[in-house]
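To start, the structure itself, in structure tokens.
Protein chains: 2
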Amino acid sequence: MNAADLGLPVAVPSTALFTDRYELTMLQAALRAGTADRRSVFEVFTRRLPEGRRYGVLAGVGRVLDAVENFRFDPAVLRFLAEHEIVDEPTLEWLADYRFRGDIWGYPEGEVYFPGSPVMRVEGTFAEAVLLETVILSILNHDSAVAAAASRMAVAAGDRPLIEMGARRTHELGAVAAARAAFVGGFTSTSDLAAGFRYNIPTVGTSAHAFTLLHDSERDAFRAQVDSLGGRTTLLVDTYDVTEAVRLAVEVAGKELSAVRIDSGDLLLLAHRVRRQLDELGATGTGIVVTSDLDEYAIASLAAAPVDAYGVGTQLVTGSGHPTCSMVYKLVARADGPGADAPLRPVAKKSMGGKMSLGGRKWAARRLDEHGVAEAEVVGTGEVPAELADRQLLVELVRAGKAVGREPLETARARHAAAREGLPMSATQLSRGEPVLPTEYVHGAA
Amino acid sequence: MNAADLGLPVAVPSTALFTDRYELTMLQAALRAGTADRRSVFEVFTRRLPEGRRYGVLAGVGRVLDAVENFRFDPAVLRFLAEHEIVDEPTLEWLADYRFRGDIWGYPEGEVYFPGSPVMRVEGTFAEAVLLETVILSILNHDSAVAAAASRMAVAAGDRPLIEMGARRTHELGAVAAARAAFVGGFTSTSDLAAGFRYNIPTVGTSAHAFTLLHDSERDAFRAQVDSLGGRTTLLVDTYDVTEAVRLAVEVAGKELSAVRIDSGDLLLLAHRVRRQLDELGATGTGIVVTSDLDEYAIASLAAAPVDAYGVGTQLVTGSGHPTCSMVYKLVARADGPGADAPLRPVAKKSMGGKMSLGGRKWAARRLDEHGVAEAEVVGTGEVPAELADRQLLVELVRAGKAVGREPLETARARHAAAREGLPMSATQLSRGEPVLPTEYVHGAA
Numbered sequence: 001m002n003a004a005d006l007g008l009p010v011a012v013p014s015t016a017l018f019t020d021r022y023e024l025t026m027l028q029a030a031l032r033a034g035t036a037d038r039r040s041v042f043e044v045f046t047r048r049l050p051e052g053r054r055y056g057v058l059a060g061v062g063r064v065l066d067a068v069e070n071f072r073f074d075p076a077v078l079r080f081l082a083e084h085e086i087v088d089e090p091t092l093e094w095l096a097d098y099r100f101r102g103d104i105w106g107y108p109e110g111e112v113y114f115p116g117s118p119v120m121r122v123e124g125t126f127a128e129a130v131l132l133e134t135v136i137l138s139i140l141n142h143d144s145a146v147a148a149a150a151s152r153m154a155v156a157a158g159d160r161p162l163i164e165m166g167a168r169r170t171h172e173l174g175a176v177a178a179a180r181a182a183f184v185g186g187f188t189s190t191s192d193l194a195a196g197f198r199y200n201i202p203t204v205g206t207s208a209h210a211f212t213l214l215h216d217s218e219r220d221a222f223r224a225q226v227d228s229l230g231g232r233t234t235l236l237v238d239t240y241d242v243t244e245a246v247r248l249a250v251e252v253a254g255k256e257l258s259a260v261r262i263d264s265g266d267l268l269l270l271a272h273r274v275r276r277q278l279d280e281l282g283a284t285g286t287g288i289v290v291t292s293d294l295d296e297y298a299i300a301s302l303a304a305a306p307v308d309a310y311g312v313g314t315q316l317v318t319g320s321g322h323p324t325c326s327m328v329y330k331l332v333a334r335a336d337g338p339g340a341d342a343p344l345r346p347v348a349k350k351s352m353g354g355k356m357s358l359g360g361r362k363w364a365a366r367r368l369d370e371h372g373v374a375e376a377e378v379v380g381t382g383e384v385p386a387e388l389a390d391r392q393l394l395v396e397l398v399r400a401g402k403a404v405g406r407e408p409l410e411t412a413r414a415r416h417a418a419a420r421e422g423l424p425m426s427a428t429q430l431s432r433g434e435p436v437l438p439t440e441y442v443h444g445a446a
Numbered sequence: 001m002n003a004a005d006l007g008l009p010v011a012v013p014s015t016a017l018f019t020d021r022y023e024l025t026m027l028q029a030a031l032r033a034g035t036a037d038r039r040s041v042f043e044v045f046t047r048r049l050p051e052g053r054r055y056g057v058l059a060g061v062g063r064v065l066d067a068v069e070n071f072r073f074d075p076a077v078l079r080f081l082a083e084h085e086i087v088d089e090p091t092l093e094w095l096a097d098y099r100f101r102g103d104i105w106g107y108p109e110g111e112v113y114f115p116g117s118p119v120m121r122v123e124g125t126f127a128e129a130v131l132l133e134t135v136i137l138s139i140l141n142h143d144s145a146v147a148a149a150a151s152r153m154a155v156a157a158g159d160r161p162l163i164e165m166g167a168r169r170t171h172e173l174g175a176v177a178a179a180r181a182a183f184v185g186g187f188t189s190t191s192d193l194a195a196g197f198r199y200n201i202p203t204v205g206t207s208a209h210a211f212t213l214l215h216d217s218e219r220d221a222f223r224a225q226v227d228s229l230g231g232r233t234t235l236l237v238d239t240y241d242v243t244e245a246v247r248l249a250v251e252v253a254g255k256e257l258s259a260v261r262i263d264s265g266d267l268l269l270l271a272h273r274v275r276r277q278l279d280e281l282g283a284t285g286t287g288i289v290v291t292s293d294l295d296e297y298a299i300a301s302l303a304a305a306p307v308d309a310y311g312v313g314t315q316l317v318t319g320s321g322h323p324t325c326s327m328v329y330k331l332v333a334r335a336d337g338p339g340a341d342a343p344l345r346p347v348a349k350k351s352m353g354g355k356m357s358l359g360g361r362k363w364a365a366r367r368l369d370e371h372g373v374a375e376a377e378v379v380g381t382g383e384v385p386a387e388l389a390d391r392q393l394l395v396e397l398v399r400a401g402k403a404v405g406r407e408p409l410e411t412a413r414a415r416h417a418a419a420r421e422g423l424p425m426s427a428t429q430l431s432r433g434e435p436v437l438p439t440e441y442v443h444g445a446a
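What follows is the structure in structure tokens.
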């Protein structure tokens with residue numbers, strides 16, 4: 001696939017302007033100073049999880065691969081940079097030829113992560129790697145925030161399907177990425193057609209209150225919907241009186257009615273009442289879908305209620321209180337001079353106010369206890385200890401500028417479910433707590 | 001302008017898939033039932049502001065105009081809808097010819113709003129208006145959330161410039177829209193080059209810690225930056241020791257150094273200390289830029305500190321605790337039959353669990369007290385009272401499908417500043433409170 005993976009219905013030629021201006025000014029200064037071609041290692045990591053969260057969920061990796069491959073400066077972009085005097089002529093010439101030719105390793109999509117996990121490692125010259133900071137962080141910070149919320153909701157929902165319905169609550173293209181991240185985190189389907197088009201995620205949806213209000217009666221509305229969509233549809237039953245609407249729904253659609261949807265009121269109470277009514281009407285196979293301002297706690301509170309599916313919007317696409325992750329993109333090692341073979345020197349900003357970074361090119365592995373349950377996130381520099389060699393987390397994503405780590409979205413989704421399954425039980429508690437794995441640092445010979 | 005205003009470096013042909021599936025299934029059912037061409041009025045409003053907020057800020061209106069004009073179903077999209085059996089053949093044929101031919105009125109961009117304010121009103125047939133729900137809500141909910149945070153930060157910053165630096169914390173295209181909304185809310189510039197390209201917002205940026213770490217010494221890094229960018233640049237002084245870096249910065253760049261940037265530590269303490277040091281070094285004209293996890297409260301706490309500009313990222317693009325608004329798109333009136341002249345009948349969902357909607361096509365006006373200060377948001381149906389006739393808030397945005405409400409972004413920015421200025425003083429308190437204006441409802445003859 002060659003098109004920029006922006007979640008667009010159409011391909012977009014370039015991602016090069018999803019960049020903070022300082023990346024280009026640093027490039028210009030480094031080109032002039034002769035330091036631009038020093039081999040450099042940048043790492044993406046977070047210093048902390050959102051308060052109270054037990055684990056993070058990495059999402060957006062597939063989108064990063066496309067963004068990197070499509071990071072090119074076309075003539076219109078170069079003209080903009082020239083006209084606004086953002087960079088000088090030698091830099092413009094350098095940018096015209098730019099493509100990333102370095103290597104990227106990272107945690108595969110859907111994997112869980114913890115404070116300090118080197119979820120992505122970008123290696124190349126300083127010049128080629130520094131330019132990718134903003135677009136990589138945008139994608140990973142956004143998508144991982146949604147995936148983490150989705151994962152918690154999936155835990156709360158158990159085996160019941162989760163429908164992503166948040167498009168209207170977030171940026172129209174953020175919504176497409178959110179539907180994708182939600183799928184990785186465990187959601188089943190989406191209401192967003194662009195996400196269906198772009199990522200082949202199953203789409204669902206039948207009707208809103210407006211459809212009932214358009215018609216002269218609720219009966220007319222139900223009749224119109226069933227005539228057009230058939231009995232295997234979901235009727236929205238809370239526009240006027242729920243009990244009357246459920247009665248009418250079964251009358252109009254028959255006992256084969258697929259489901260009724262409740263979008264307001266006391267969902268716990270209503271779900272029980274509607275279930276009883278449906279059963280009394282003989283519509284024992286008709287499901288109940290609930291969709292009113294749900295989050296993982298509301299979903300969990302409905303675990304014992306006769307609910308068949310949850311539709312989640314706002315709280316999903318806004319990361320359930322944590323709409324972004326705090327991932328950063330830091331230079332951790334660089335050569336003293338030019339050339340691919342110059343030895344790397346670990347570098348790090350001095351700690352002040354908690355903004356500590358750990359220098360050096362890192363590996364990561366997840367250590368298991370004797371029962372096969374994860375017990376630590378081990379992050380180190382230098383040699384990987386032999387006992388952790390087959391538990392390493394970073395995989396090759398881009399080799400010499402070419403994406404080699406593409407995979408179907410279903411693979412990332414399955415990986416996430418497996419990774420979560422491998423964590424200690426307390427990972428699935430919704431209550432606030434510490435990260436479920438400690439991060440241990442091992443400093444080896446470089 | 002004809003390209004979809006998606007904040008993209010390139011034009012995108014269609015916004016039609018930024019749509020929830022149920023809009024298309026409702027369309028199909030209404031086409032079959034013969035109700036699709038009933039004249040309908042949809043309104044966008046919110047039932048509440050985010051908790052504690054005094055006013056809302058409408059942003060994204062300009063983007064809505066482009067999204068509506070570019071809402072077309074091209075062959076690739078129609079093929080997708082057919083292959084996935086999302087709608088039937090007659091509906092596909094109808095969609096192939098679709099363009100919105102109705103009218104849109106609304107609050108102009110930058111205007112403030114309150115619970116119940118009809119910020120946008122979409123009129124047309126049910127079929128043509130129902131399709132726009134998701135894309136309109138996505139844009140307004142996202143952009144208005146960012147603009148509201150920006151406005152509060154602008155109040156806190158007073159006359160000092162605010163730099164938008166949040167691209168890395170949100171979806172890469174959400175970031176472009178966020179930079180735009182921040183500008184409307186009072187920000188001065190952005191780090192995001194795509195926002196500069198697309199909306200001509202001034203861009204800024206010089207260097208990150210990586211640039212200092214790339215070089216063999218801080219002196220080398222400062223030298224490289226000044227050699228390339230000149231003395232009118234901003235040097236980042238907190239990579240190692242701030243005092244030493246400030247000394248070095250003035251030594252390398254001279255007293256004409258534009259500014260130094262502090263990105264970590266106790267900003268209040270550091271700003272005072274660095275100011276004193278700069279003055280002692282004779283660099284009295286060198287400014288101080290601070291950029292570390294700021295929000296409106298942190299900005300306010302630095303009001304008495306010698307700070308010259310604020311860079312704000314995470315808290316801006318995530319709406320400072322409220323990353324979305326709760327705007328909804330509701331059918332409020334519709335005709336009983338076909339035809340443009342059929343009388344409109346107010347409709348509304350029955351209240352349950354607080355989800356009340358008020359039926360009827362609405363006007364809105366802001367009533368002033370004897371000092372010219374706003375004292376109420378008046379929302380009504382029917383005739384506008386004579387004394388409010390010249391205080392009406394809705395303006396014409398789209399006439400018979402053609403956008404007539406486009407304006408430069410600076411106009412929206414100035415409007416917001418004026419609108420905020422016209423509110424009672426308590427609007428600018430950052431502390432939690434009630435909406436600064438009550439919403440009064442007036443029911444006139446329809």
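Protein chains in written order, with the UniProt record's numbering: chain D, 1 to 446; chain P, 1 to 446.
Positions of the beta carbon are idealized from the N, C-alpha and C atoms, including for glycine.
At a CB-CB cut-off below 9 Å, which residues of chain P make contact with residue i?
| i | result |
| --- | --- |
| D/Gln277 | Within 9 Å Cβ-Cβ: nothing; D/Gln277 doesn't reach chain P, min ~16 Å. |
| D/Phe45 | The premise fails here: D/Phe45 is roughly 14 Å from chain P at the closest Cβ pair, so nothing lies under 9 Å. |
So, helix, strand or coil for residue i, using DSSP?
| i | result |
| --- | --- |
| D/Ala76 | helix |
| P/Pro338 | strand |
| D/Leu8 | Confidence in D/Leu8 is poor, its pLDDT being 38 and thus under 50, which makes the residue's placement unreliable; the coordinate value appears in the next sentence. Here D/Leu8 sits in coil by DSSP. |
| D/Asp88 | coil |
| D/Asp192 | strand |
| D/Arg367 | strand |
| D/Met153 | helix |
| P/Tyr199 | helix |
| P/Gly380 | strand |
| P/His443 | strand |
| D/Val332 | strand |
| D/Gln429 | coil |
| D/Arg223 | helix |
If you draw a straight line from the C-alpha of residue i to the C-alpha of residue j, how long is it?
| i | j | result |
| --- | --- | --- |
| D/Phe100 | P/Glu396 | 47 Å |
| D/Thr188 | D/Leu162 | 5 Å |
| D/Ala147 | P/Thr314 | 18 Å |
| P/Pro435 | P/Pro424 | 11 Å |
| P/Val312 | P/Ala157 | 11 Å |
| P/Ala194 | P/Ala333 | 40 Å |
| D/Val347 | D/Glu128 | 18 Å |
| P/Ala364 | D/His215 | 27 Å |
| D/Asp74 | D/Lys349 | 34 Å |
| P/Met42 | P/Gly34 | Per the sequence shown, residue 42 of chain P should be read as Phe rather than Met. One C-alpha to the other measures close to 19 Å. |
Would you kindly report the start and end of the unbroken alpha helix (DSSP H) that includes residue i?
| i | result |
| --- | --- |
| P/Glu128 | Phe126 to Val130 |
| P/Leu24 | Arg21 to Ala33 |
| P/Val246 | Val242 to Ala253 |
Just curious, the beta strand (DSSP E) that residue i is in, first and last residue?
| i | result |
| --- | --- |
| D/Ser40 | Arg38 to Thr46 |
| D/Leu344 | Leu344 to Pro346 |
| residue 495 of chain D | In the structure displayed, chain D extends from 1 to 446; residue 495 of chain D sits before or after that span and is not available. |
| P/Asp103 | Asp103 to Gly106 |
Name, please, each residue of chain D whose Cβ falls closer than 8 Å to the Cβ of residue i.
| i | result |
| --- | --- |
| P/Arg334 | Leu213 and Leu214 |
Name the chain P residues whose beta carbon is nearer than 7 Å to that of residue i?
| i | result |
| --- | --- |
| D/Pro323 | Thr318 and Pro323 |
Looking at residue i and the ligand MN, is the gap between the Cβ and the nearest heavy atom below 6 Å?
| i | result |
| --- | --- |
| P/Ser144 | The ligand MN is absent from the structure shown, which contains no ligand whatsoever. |
Handout entry: Within 8 Å of chain D by C-beta, residues of the segment 124-142 of chain P in sequence order
Key = Phe126, Val130, Glu133, Thr134, Val135, Leu137, Ser138, Ile139, Asn141 and His142
Exercise for the section: Please list the residues of the segment 35-66 of chain D that have a C-beta atom closer than 8 Å to any C-beta atom in chain P, keeping them in chain order. Expected result: Within the segment 35-66 of chain D, the residues whose Cβ lies closer than 8 Å to some Cβ of chain P are Thr35, Arg38, Ser40 and Phe42, listed in chain order.
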